[in-house]
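Heads up, the sequence shown is in our numbering, so the first residue is 1147 and it goes up one at a time.
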Amino acid sequence: MIEAIQSNPNSLLLATDGPGIARSAARLGDGRHNFDIAKVLAAALLTNRASSLIYYGQEIGLASDAPMPWGTPVVPAAAGARKPAHPAPANDPVSVAAQESDHASLLNWYRQLSALHHSNRTLSSAPSIMLNHDDQNVLAWVRRPEGASLKNPPLVVICNLSAQPVHLSLKDDMQKLHLRGNFLRTVIRSDKGMGPMTLDSMTIPAFTVYIGELKY
1147 MIEAIQSNPN SLLLATDGPG IARSAARLGD GRHNFDIAKV LAAALLTNRA SSLIYYGQEI
1207 GLASDAPMPW GTPVVPAAAG ARKPAHPAPA NDPVSVAAQE SDHASLLNWY RQLSALHHSN
1267 RTLSSAPSIM LNHDDQNVLA WVRRPEGASL KNPPLVVICN LSAQPVHLSL KDDMQKLHLR
1327 GNFLRTVIRS DKGMGPMTLD SMTIPAFTVY IGELKY
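Right, here's the structure in full:
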């Protein structure tokens, strides 16, 4: 599907949530990794060339069609401003206020992905090449820019779709694509891990997204 999106010359619109259908947070969440799963879905929406429609509340993991749970504003509202009709408790994790100040929140993950999509030419326009790691419950692909080089490296997107860590090797994949590199320099990741990933052996935690530049 992702390859079909990239090869289509017309602008496509991707959406997973909307009026009249169950929220993705309710459909796909397992009750334990809901926010992590939502981050994987966000990456699938925002790391390809298609346009994406984000339905209200999707960016904070809202699981119902309840009014937007703003919570207590981080910044005091301007004089005369109307208060939210249905404010959520300030400590409610599914509220804007609770996620605003949390760098690792789903809301800020959406913001980071959106900023990256608009600032990184490879991510916004380069073709995608899928990597087959279905047997490991991994969705992975390469965004390969024209004239790929050390200064204009391909991007590799890896999504672990399982509740267990996955040990992965991408060395053979890169060799088959005639792409030079021996490690991935981290661009963004959905967990708190740090450091580069070697192509020979890498570990992707449960329901984690990793995006890195191919380097050598």
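C-beta atoms are modelled at their ideal positions from N, C-alpha and C, and glycine is treated no differently.
Rounded separation between residue i and residue j - CA only
{"i": "E1113", "j": "P1342", "result": "No statement about residue 1113 is possible, as the shown extent of the chain runs from 1147 to 1362 and does not include it."}
{"i": "R1290", "j": "S1197", "result": "19 angstroms"}
{"i": "Q1310", "j": "P1351", "result": "7 angstroms"}
{"i": "G1203", "j": "M1214", "result": "6 angstroms"}
{"i": "H1232", "j": "C1305", "result": "Residue placement at H1232 is poorly supported in this model, since its pLDDT is 49, which falls under 50; the coordinates still yield a value, given next. Looking at the two C-alpha atoms, the distance is approximately 35 angstroms."}
{"i": "T1354", "j": "M1340", "result": "13 angstroms"}
{"i": "L1345", "j": "A1171", "result": "32 angstroms"}
{"i": "D1163", "j": "R1267", "result": "27 angstroms"}
{"i": "D1176", "j": "S1247", "result": "25 angstroms"}
{"i": "L1269", "j": "R1173", "result": "28 angstroms"}
Exposure of residue i, with buried meaning 16 or more beta-carbon neighbours within 10 Å
{"i": "R1335", "result": "buried"}
{"i": "P1165", "result": "exposed"}
{"i": "R1169", "result": "buried"}
{"i": "M1320", "result": "buried"}
{"i": "I1167", "result": "exposed"}
{"i": "A1182", "result": "The question names Ala, but residue 1182 in the sequence shown is Asp. It is buried - the Cβ of D1182 has at least 16 other Cβ atoms within 10 Å."}
Identity of the residues DSSP links to residue i by a beta bridge
{"i": "L1330", "result": "M1343, L1360"}
{"i": "T1349", "result": "H1313"}
{"i": "R1289", "result": "S1274, L1301"}
{"i": "R1335", "result": "Y1356"}
Top-ranked residue by Cα proximity to residue i, from the options
{"i": "P1300", "options": "H1313, R1169, L1330, Q1310", "result": "L1330"}
{"i": "L1285", "options": "I1275, Q1321, S1260, G1293", "result": "I1275"}
{"i": "A1100", "options": "L1360, D1176, D1318", "result": "Because the chain is modelled from 1147 through 1362, residue 1100 falls outside the range shown and cannot be assessed."}
Same chain, Cβ closer than 6 angstroms to residue i, five either side skipped, listed in chain order
{"i": "S1251", "result": "Q1245"}
{"i": "V1303", "result": "T1193, W1287, I1357"}
{"i": "A1191", "result": "Per the sequence shown, residue 1191 should be read as Leu rather than Ala. These residues qualify, in order along the chain: L1160, S1198."}
Close Cβ partners of residue i (< 8 angstroms) along its chain, the five nearest in sequence each way excluded
{"i": "W1255", "result": "K1185, A1188, S1336"}
{"i": "L1323", "result": "I1275, V1288, R1290"}
Own chain, CB closer than 7 angstroms to residue i, minus 5 neighbours either side, in chain order
{"i": "N1180", "result": "A1171, G1207"}
{"i": "S1265", "result": "none"}
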